[in-house]
Each structure stands twice: as structure tokens, then as C-alpha cells.
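Numbering follows our numbering, in which position 228 of the sequence shown is assigned residue number 430; successive positions increment by one, without gaps. We treat Cβ as the ideally placed atom computed from N, Cα and C, and that holds for glycine.
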Amino acid sequence: MASPCANPPQTIDPAALRAWPLPPPNAAGDKESRGHVLVLGGAREMPGAVILAATAALRAGAGKLTIASVAQLVALAIPEARVLGLRETPEGGFTGEAMAALDPLADKVNATLIGPGMQDEVATAALVRALLPRLDGTAVVLDAGAMGVILHPNQGGKAPFRFTLPVLVTPHAGEMAHLSGKSKEEVGADPDRHARAAARQWNPVVALKGARTVIAAPDGALWQHEGGNVGLASSGSGDTLAGLIAGLAARGAPLHQAACWGVALHAQAGERLAARMGLLG
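Put into C-alpha cells, the structure is as follows:
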């Protein structure tokens with residue numbers, strides 16, 4: 203089925219999702235057939251972010267998981283994963299040696315999530331710039347500090363910055379304000395316009411998160427989702443969403459579909475948790 207997109211935005215609801223199913227797993231397939239996801243992130247002060255994201259990628263159905271992080275203790279938290287230990291700069295970024303460790307993986311993964319728990323925006327942007335050309339043919343999700351490549355493109359003065367590979371970015375209103383130079387209030391007042399403008403200018407799929415999440419594609423297609431609850435607005439929630447999207451992309455869903463499904467699944471999980479545990483905490 204063609205993706206359910208239109209202007210004005212297509213609402214992501216159960217009927218829309220039933221009409222737009224995810225790639226089904228091959229009943230006779232092995233773990234390779236459900237895709238290999240790489241999660242890159244986790245400074246020493248923030249190891250939990252990469253654990254949440256990687257766990258979500260597995261819950262989304264990815265068949266293989268590799269984590270690259272300076273926080274090697276994540277290997278104990280997620281025994282299913284292969285964990286590559288990277289070195290950290292004093293500012294909480296990755297050293298230049300990280301690229302040499304990651305390069306051999308580039309041809310072996312189906313989806314890559316970069317950003318959860320990464321602190322040094324400038325160092326992270328340098329790593330993203332070096333890694334993106336090696337990820338041609340791979341679904342790339344940039345979250346948190348990894349989105350800073352938009353502000354630190356190192357393009358020799360070329361403007362505006364544009365991605366040349368399929369990429370999804372996952373800003374909330376504050377991050378979109380930081381990336382676009384607008385105020386958080388401006389973004390919140392008209393998220394549709396800002397999501398569309400970012401997708402058109404930078405050329406990624408944009409998932410602009412909020413109580414009403416807007417997903418914009420570079421071709422102008424727009425989706426919206428309302429659901430979940432205020433309890434999802436907490437530390438680690440965005441890391442979990444980014445991991446869900448990466449896991450769905452590893453299974454073969456296009457980035458815009460993985461984002462729409464990921465947002466809906468994340469919200470539904472929040473509603474079920476609230477019913478069991480309460481709205482907050």
C-alpha cells in the first residue's frame with residue numbers, strides 16, 4: 203500500500219497503521235533476516251541512554267544488536283548485544299579513534315542510531331560527518347547530540363546544510379529551536395510549519411516530538427500523532443523512542459514508516475504503563 207500521507211497531515215491512528223503494515227518477519231528466517239541495528243552513544247555520565255535505546259531496538263524486533271559506547275558496562279545490562287568499547291574525550295565525546303573501530307561495521311548493519319547519551323556536540327558532529335558516507339544504503343537515525351551535525355557541518359561555508367543519505371532526526375521543540383535558530387515558543391506555536399521547513403531545508407525525515415508529534419518528509423508529506431500521556435515527558439523517553447524507530451528500520455521499514463509506527467507504539471506503551479503504574483513515575 204502507498205504510504206498514507208497527505209496535506210493536511212495524515213493522522214496516525216489504529217486504522218491508518220492497519221492499512222500500512224510493517225514488513226512481516228519471515229517465519230522461516232533467522233536473526234539476520236530481521237536486520238542488524240547499531241546503537242552508538244552513551245558517555246560515561248549517561249550510560250543509561252544507550253541501554254534504553256538498545257533495549258527498545260530489540261523490542262521492536264531487530265534480529266541483531268551491536269552497541270558502540272565508552273560505557274562498556276552496558277554489556278552486562280544487555281547480554282544479547284555485541285559491545286564495542288570506545289574511548290572518551292574529557293568533554294564527553296568520542297575520540298578520533300572511534301571511526302577506525304566503527305568502519306568495519308558500516309557494511310554489516312541495516313540501521314544505525316547515533317546520539318543517545320552523547321554529550322560533546324562538536325566532537326559528536328565530527329564523528330557523524332565521518333561516519334555518514336560509510337552508511338550509504340543504511341537507515342540512519344540521529345538523536346540528541348548527534349543532530350548537532352546540522353549546526354557543525356564543516357562544509358567549507360556551504361549553506362544550507364543538507365543530508366545526502368536517508369536520515370531521520372528526532373528533535374523535541376527545544377532541540378528544534380537550537381537547530382533552527384528559532385525560539386522554543388515559535389516552534390511550539392506552529393510545529394507543522396517548522397517540521398516541514400526543516401525537512402525541506404536539511405533533507406531528512408523529521409519527527410518533531412511533543413504532545414502532538416509531527417513527522418515530515420522532504421517531499422512535503424506530513425503525519426501527526428496525538429496520544430500517550432505527560433508521563434512520557436521524562437528522562438530516557440526520547441532514547442527509547444529513537445531505539446524503537448531504529449529497530450523498525452532495521453527490519454526493513456522505510457524511515458518515515460518506522461517513525462510513524464515508532465511514535466504510535468511508544469505512546470501506546472506509555473498509556474499501558476500509566477494504567478498499571480500511574481501517570482507519573
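- request: State the Cα-Cα distance for the pair Pro281 and Gly243, rounded to the nearest angstrom.
  value: One-based indexing of the sequence shown puts residue 281 at position 79. One-based indexing of the sequence shown puts residue 243 at position 41. Taken atom to atom, the span from the alpha-carbon of Pro281 to that of Gly243 is near 17 Å.
query: Between Ala277 and Gly231, what straight-line distance do the alpha-carbon atoms span, to the nearest angstrom?
result: As a working mapping, residue 277 is identified with position 75 in the sequence shown. As a working mapping, residue 231 is identified with position 29 in the sequence shown. Approximately 26 Å, taken between the alpha carbons.
- prompt: Exposed or buried, Met479, counting other C-beta atoms within 10 Å across all chains shown (16 or more means buried)?
  reply: One-based indexing of the sequence shown puts residue 479 at position 277. Its Cβ having fewer than 16 others within 10 Å, Met479 is exposed.
Every unbroken alpha helix (DSSP H) within the stretch 335-394, with a cutoff of 4 residues, ordered by chain: The qualifying runs are 375-382, 386-391.
- request: Evaluate Gly487 with the Cβ neighbour count: other Cβ atoms within 10 Å of its Cβ, from every protein chain shown; 16 or more gives buried, anything less gives exposed.
  value: Outside the displayed span of the chain (203 to 483) sits residue 487, for which this structure offers no information.
query: Between the stretch 297-305 and the stretch 220-237, are three or more C-beta pairs nearer than 8 Å?
result: Touching, no.
query: Which term fits Leu443, buried or exposed, when burial requires 16 or more other beta carbons within 10 angstroms of its beta carbon?
result: Residue 443 sits at position 241 when you count from the first residue of the sequence shown. Flag for Leu443 reads buried.
- prompt: Where DSSP assigns a beta bridge to Ala418, which residues make up the other side?
  reply: For the purposes of this step, residue 418 is taken as the residue at position 216 of the sequence shown. The beta-bridge partner set that DSSP reports for Ala418 consists of Val408, Leu424.
task: Give me the Cβ distance between Arg331 and Val351, rounded to the nearest whole Å; I'm assuming they're in contact under 8 Å.
output: The residue you call residue 331 lines up with position 129 of the sequence shown. The residue you call residue 351 lines up with position 149 of the sequence shown. Val351 and Arg331 do touch by the CB rule: their CB atoms are close to 6 Å apart, below 8 Å.
- prompt: Is DSSP giving Arg398 helix, strand or coil here?
  reply: Residue 398 sits at position 196 when you count from the first residue of the sequence shown. In the structure shown, the three-state DSSP call for Arg398 is helix.
message: Does the stretch 249-259 come into contact with the stretch 313-320, if we say contact requires no fewer than three beta-carbon pairs (one atom in each stretch) closer than 8 Å?
response: Contact annotation: the stretch 249-259 touches the stretch 313-320, with at least three C-beta pairs closer than 8 Å.
message: Helix, strand or coil, according to DSSP, for Thr291 in the structure here?
response: Counted from its first residue, the sequence shown places residue 291 at position 89. The DSSP-derived three-state label of Thr291 is coil.
- request: Please check if any C-beta of chain E sits within less than 8 Å of the C-beta of Ala444.
  value: Of the protein chains in the structure, only one exists, and it is not chain E.
- prompt: Between Gly347 and Arg220, what straight-line distance do the alpha-carbon atoms span, to the nearest angstrom?
  reply: What you label residue 347 is simply residue 145 of the sequence shown in a count that begins at 1. What you label residue 220 is simply residue 18 of the sequence shown in a count that begins at 1. Looking at the two C-alpha atoms, the distance is approximately 34 Å.
field: Whole-Å CB distance - Ala448 paired with Val343, under 8 Å assumed
entry: Within the sequence shown, the letter at position 246 stands for residue 448. Within the sequence shown, the letter at position 141 stands for residue 343. Indeed they touch by this definition, with Cβ atoms about 5 Å apart.
- prompt: Where does the unbroken beta strand (DSSP E) through Thr257 begin, and where does it stop?
  reply: Here residue 257 refers to the residue found at position 55 of the sequence shown. In this chain, Thr257 is not harboured by any beta strand (DSSP E); it is covered by the alpha helix (DSSP H) spanning 249-261.
query: Do you know offhand how far Ala283's Cα is from Lys266's?
result: Here residue 283 corresponds to residue number 81 of the sequence shown, with the count starting at 1. Here residue 266 corresponds to residue number 64 of the sequence shown, with the count starting at 1. Each residue's alpha carbon lies about 7 Å from the other.
- prompt: Ends of the beta strand (DSSP E) at Leu485?
  reply: The chain is shown from 203 up to 483; residue 485 falls before or after that span and cannot be answered.
message: Quick check on DSSP: helix, strand or coil for Leu240?
response: Reading the sequence shown from its first residue, position 38 is the one you call residue 240. Leu240: strand per DSSP, three-state reduction.
message: Let's test the definition: count the other Cβ atoms within 10 Å of the Cβ of Ser235 and tell me whether it reaches 16, buried, or not, exposed.
response: Stepping through the sequence shown from its first residue, residue 235 is reached at position 33. Classified as exposed, Ser235 has fewer than 16 neighbouring CB atoms from the shown chains inside 10 Å of its CB.
Neighbourhood of His458 by C-beta distance below 6 Å, restricted to the same chain and skipping five residues each side: Looking up residue 458 in the sequence shown gives position 256. Answer for His458: Val407, Ala419, listed in chain order.
query: Going straight from the alpha carbon of Glu388 to that of Arg398, what length do you get?
result: By 1-based counting over the sequence shown, the position of residue 388 is 186. By 1-based counting over the sequence shown, the position of residue 398 is 196. If you draw a straight line from the Cα of Glu388 to the Cα of Arg398, it is about 14 Å long.
field: Nonlocal neighbours in the same chain, by C-beta distance under 6 Å from Leu424, ignoring five residues either side
entry: Taking the sequence shown and counting its residues from 1, one reaches residue 424 at position 222. Sequence-distant partners of Leu424 (beyond 5 residues in either direction) whose C-beta falls short of 6 Å from its own C-beta, in its chain, are Pro211, Ala418.
query: For Gly430, which residues of its own chain have a beta-carbon under 6 Å away from its beta-carbon, when the five flanking residues on both sides are left out?
result: In the sequence shown, the residue the question calls residue 430 occupies position 228. Excluding residues within five positions, the ones whose Cβ falls inside 6 Å are Ala469, Gly472.
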